[in-house]
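Position one of the sequence shown corresponds to residue 5 (the numbering used here), numbered consecutively onward. Just so it is clear, CB atoms sit at the ideal spot from N, CA and C, and this is done for glycine as well. Data block below; observations after.
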Amino acid sequence: MAVYVDDMKWPFKGMVMCHMLADTTEELHAMAALLGMERRWVQYPGTPKEHYDIPMQRRVLAVEAGAIEVNWRFVVGLIRSRRDDAT
Numbered sequence: 005m006a007v008y009v010d011d012m013k014w015p016f017k018g019m020v021m022c023h024m025l026a027d028t029t030e031e032l033h034a035m036a037a038l039l040g041m042e043r044r045w046v047q048y049p050g051t052p053k054e055h056y057d058i059p060m061q062r063r064v065l066a067v068e069a070g071a072i073e074v075n076w077r078f079v080v081g082l083i084r085s086r087r088d089d090a091t
């Protein structure tokens with residue numbers, strides 16, 4: 005089981021953001037709580053695309069806490085495998 009942060013870098017309200025996903029919802033929310041994020045900020049809760057958008061400063065903290073750095077292709081593959089598992 006793992007938490008992942010991707011290499012996406014997109015501007016949003018003066019910040020640069022990326023995505024944080026995990027193998028399980030519990031792991032995702034636990035890491036988000038560790039980073040000081042509110043649960044209401046989760047995107048697409050309960051779906052294969054469930055994730056948090058996090059700023060680069062929190063990405064650094066997530067990696068220090070054990071998150072695995074991945075590229076966007078990995079994220080696409082993870083979402084596809086979740087969709088396949090759901091059918």
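- Item | Check whether W76 and D27 have beta carbons under 7 Å apart | no
- Task: Could you spell out where the alpha helix (DSSP H) holding M60 opens and where it closes?
- Result: M60 to E68
- Leaving out five residues before and five after G50 in sequence, what residues of the same chain have Cβ atoms less than 8 Å from its Cβ? Here the set comprises T29.
- Message: Considering Cα atoms alone, identify which of L32, R43 and V46 is closest to I72.
- Response: L32
- Query: Which of the three DSSP states, helix, strand or coil, is assigned to M104?
  - Reply: Examination of residue 104 is not possible in this model, given that the chain is present from 5 through 91 alone.
- When you compare only the Cα positions, how much space is there between V79 and G40? 23 Å
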